[in-house]
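Peer 1: Would you mind keeping the following structure in view while I ask a few things?
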Ligand SMILES: Cc1cc2nc3c(=O)[nH]c(=O)nc-3n(C[C@H](O)[C@H](O)[C@H](O)COP(=O)(O)OP(=O)(O)OC[C@H]3O[C@@H](n4cnc5c(N)ncnc54)[C@H](O)[C@@H]3O)c2cc1C
């Protein structure tokens, strides 16, 4: 049986995180350094400094790197608290893509790579990127990976183009996915490489204008031209990129769900307060059944999403890979929480689309959640294939 009791210790830590976010982070939501390309590095550094002072920075890191290494269920409680502001995970250093990248590097980087590329990310001193998606290749289907890493017996030479690369502007730890073509010197196949962001051969063409603004420095278009990396830059083994990406997949999908659950809960709390105090046709709008139903639907969605996340976390905590379960939960939660945000806009009336409250920002930031870490249709495609294969 799944036990839904939240131990006192997790609850106390979540309360500290929530208080920190509400008191110290929320005021920055109107900071001009929160731009249409996300928080700037300068804003991030200030927020990270506050979390460091509060003793809350990178709480999810493995113990050997100074974190509390929470179980997946504990993460569900803590990340939801962090998500109360879209800037909360940035401050606490548990935002994408760094959080997933730290998870992956802690699993497969060797000691030297971890010291150089992971530890400074854990300490909040630098950011990281995961560069997979391509305009003409990898996307929903990573097997289309077109970026190549030719091995000449000494170095790998990478050529290709990527886009939607979150945080590319200014990130210093780069994980790049490229295909090693067959060669006479060694193994081939999709491979992960690790390097510094200022290595010759990496060019940030531009930062894209997108409808979300919660990710630090936005999403970049990047060109690799003759990017030459030594064999020590290979992360894990040559040819194993998809296997490593799978390692990151289920937990990273769920932490997205947890953070957005926090943001959707915040939107609901604002909508509830508005429904209590704004009047129309002689009574508070919340007492009109139409509005009451919107709030009730939100409450139902928030709690079912929470339980779905906890269920998938429980699966992972039992040692299961949770690929199928996390796929179902990600598809469901991303659709449901977006509807919650939409209903909150509606309850607020005209100011719902303004920046008088954070609801409009949560709404437009959350739209992208149905696309990354697998668009809903791709998850449903995978679930349907599994269902059809059942005996
Ligand atoms: C905010 C944001 C941040 C991102 N950050 C990163 C990052 O840091 N690094 C990185 O590498 N990538 C990143 N991405 C890219 C993300 O991983 C891709 O958007 C995602 O994998 C989908 O690929 P695509 O955009 O190429 O869509 P496509 O593969 O072109 O798919 C387009 C649409 O086709 C449909 N579709 C595709 N396959 C199927 C199927 N089998 N069945 C039914 N319908 C299907 C879906 O509706 C899908 O939305 C980010 C994306 C966003 C939105």
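In the working numbering, the protein residues as written are 12 to 402. For each residue, glycine too, the CB sits at the ideal point set by N, CA and C. These figures come from a predicted structure and were not determined experimentally.
How many angstroms separate the CA atom of residue 214 from the CA atom of residue 65?
Peer 2: The alpha-carbon atoms of residue 214 and residue 65 are separated by roughly 37 Å.
Peer 1: Would residue 332 be called buried (16 or more neighbouring beta carbons within 10 Å of its own) or exposed?
Peer 2: With fewer than 16 other Cβ atoms within 10 Å, it is exposed.
Peer 1: Would you mind listing the alpha helix (DSSP H) stretches within the stretch 309-394 that are 4+ residues and don't spill past its ends, in chain order?
Peer 2: Segments of the alpha helix (DSSP H) lying fully in the stretch 309-394: 334-359, 370-378.
Peer 1: Whose CA, out of 295, 401, 83, lies closest to the CA of residue 284?
Peer 2: Ranking the options by Cα distance to residue 284, first place goes to 295.
Peer 1: Starting from residue 175, trace the beta strand (DSSP E) in both directions and tell me its first and last residue.
Peer 2: Looking at the DSSP string, the run of the beta strand (DSSP E) that includes residue 175 is 166-177.
Peer 1: Taking only the alpha-carbon atoms, compute the straight-line gap between residue 297 and residue 281 and give it to the nearest angstrom.
Peer 2: Answer to the nearest angstrom: the Cα atoms are 12 Å apart.
Peer 1: What residue range does the beta strand (DSSP E) around residue 141 cover?
Peer 2: Counting along the chain, the beta strand (DSSP E) containing residue 141 begins and ends at 139-142.
Peer 1: Closer than 7 Å by C-beta to residue 74: which residues in its own chain qualify, once you throw out the five before and the five after it? Chain order, please.
Peer 2: So the list reads 80, once near-sequence residues are dropped.
Peer 1: Relative to the C-alpha of residue 78, which residue among 94, 132, 49, 200 is closest?
Peer 2: Of 94, 132, 49, 200, the residue nearest in Cα terms is 132.
Peer 1: Can you give me the C-alpha to C-alpha distance between residue 278 and residue 385, rounded to a whole angstrom?
Peer 2: Rounded to the nearest angstrom, the two C-alpha atoms are 25 Å apart.
Peer 1: Output the distance between the C-alpha atoms of residue 391 and residue 368, rounded to the nearest integer angstrom.
Peer 2: The alpha-carbon atoms of residue 391 and residue 368 are separated by roughly 34 Å.
Peer 1: Touching or not, the stretch 125-144 and the stretch 172-184, by the rule of three or more beta carbon pairs under 8 Å?
Peer 2: Yes, the stretch 125-144 is in contact with the stretch 172-184.
Peer 1: Measuring alpha carbon to alpha carbon, tell me which of 262, 164, 189, 225 ends up nearest residue 195.
Peer 2: The option with the nearest alpha carbon to residue 195 is 164.
Peer 1: Report whether the distance from the Cβ of residue 154 to the nearest heavy atom of ligand 1 is below 6 Å.
Peer 2: No.
Peer 1: Suppose the cutoff is 6 Å on Cβ atoms and the five residues either side in sequence are ignored; what does the same chain contact list for residue 351 look like?
Peer 2: Contacts found: 275, 309, 312.
Peer 1: Across the stretch 116-127 and the stretch 143-161, are there enough close Cβ pairs to call them in contact, namely three or more that are closer than 8 Å?
Peer 2: Segments in contact, no.
Peer 1: Is the stretch 262-276 touching the stretch 194-212 in the sense that three or more CB pairs, one from each, lie closer than 8 Å?
Peer 2: Touching, no, given that fewer than three Cβ pairs across the two stretches are closer than 8 Å.
Peer 1: Any heavy atom of ligand 1 within a distance shorter than 6 Å of the CB on residue 108?
Peer 2: Yes, ligand 1 has a heavy atom inside 6 Å of this Cβ.
Peer 1: Looking at the unbroken beta strand (DSSP E) that takes in residue 218, where does it start and where does it end?
Peer 2: Per DSSP, residue 218 belongs to the beta strand (DSSP E) from 213-219.
Peer 1: Beta-carbon within less than 7 Å of residue 37's beta-carbon, same chain only, minus the 5 sequence neighbours each way: which residues are those?
Peer 2: Closer than 7 Å at the Cβ level, and outside the excluded window around residue 37, lie 96.
Peer 1: For residue 356, tell me which candidate among 82, 393, 286 has the shortest Cα-Cα distance.
Peer 2: When only C-alpha atoms are compared, the closest one is 286.
Peer 1: By the 10 Å Cβ neighbour count, where 16 or more other Cβ atoms means buried, how is residue 187 classified, buried or exposed?
Peer 2: It counts as buried.
Peer 1: Just to confirm, is the Cβ distance from residue 319 to residue 302 under 7 Å?
Peer 2: Taking 7 Å as the Cβ cut-off, residue 319 and residue 302 do not qualify as a contacting pair.
Peer 1: So, at 7 Å on beta carbons, what are the nonlocal neighbours of residue 87 in its own chain, with the 5 sequence-adjacent residues on each side left out?
Peer 2: Correct list, in chain order: 269, 320, 321, 324.
Peer 1: How many Å lie between residue 59 and residue 228 at the Cα?
Peer 2: For residue 59 and residue 228, the distance between alpha carbons rounds to 15 Å.
Peer 1: Among residues of its own chain, excluding the 5 on either side of residue 52, which ones have a beta-carbon nearer than 6 Å to its beta-carbon?
Peer 2: So the qualifying residues of the chain are 181.
Peer 1: Any heavy atom of ligand 1 closer than 6 Å to the beta-carbon of residue 143?
Peer 2: Under cutoff, so the answer is yes.
Peer 1: Out of 242, 69, 126, point me to the one whose CA is closest to residue 107's CA.
Peer 2: Taking only the C-alpha atoms, the option nearest residue 107 is 69.
Peer 1: How should residue 399 be labelled, buried or exposed, when 16 other C-beta atoms within 10 angstroms of its C-beta is the threshold for buried?
Peer 2: The residue is exposed, with fewer than 16 neighbouring Cβ atoms inside 10 Å.
Peer 1: Is residue 389 near ligand 1, with its Cβ less than 6 Å from a heavy atom?
Peer 2: Flag set: Cβ of residue 389 near ligand 1.
Peer 1: Excluding five sequence neighbours on each side, which residues of the same chain lie with their C-beta closer than 8 Å to the C-beta of residue 292?
Peer 2: The residues are 299.
Peer 1: Do you know how far the Cα of residue 103 is from the Cα of residue 413?
Peer 2: Outside the displayed range of the chain (12 to 402) lies residue 413, so it cannot be described from this structure.
Peer 1: Between residue 379 and ligand 1, is there a pair consisting of the residue's CB and a ligand heavy atom that are separated by less than 6 Å?
Peer 2: Answer for residue 379: yes, Cβ within range of ligand 1.
Peer 1: Is the Cβ-Cβ distance between residue 170 and residue 235 less than 7 Å?
Peer 2: Yes. Within cutoff.
Peer 1: Kindly indicate which residue of 314, 260, 389, 361 has the alpha-carbon position closest to the one of residue 327.
Peer 2: Answer by Cα proximity: 260.
Peer 1: Can we count residue 177 as close to ligand 1, meaning its CB is less than 6 Å from some heavy atom?
Peer 2: Checking the Cβ of residue 177 against ligand 1 gives yes.
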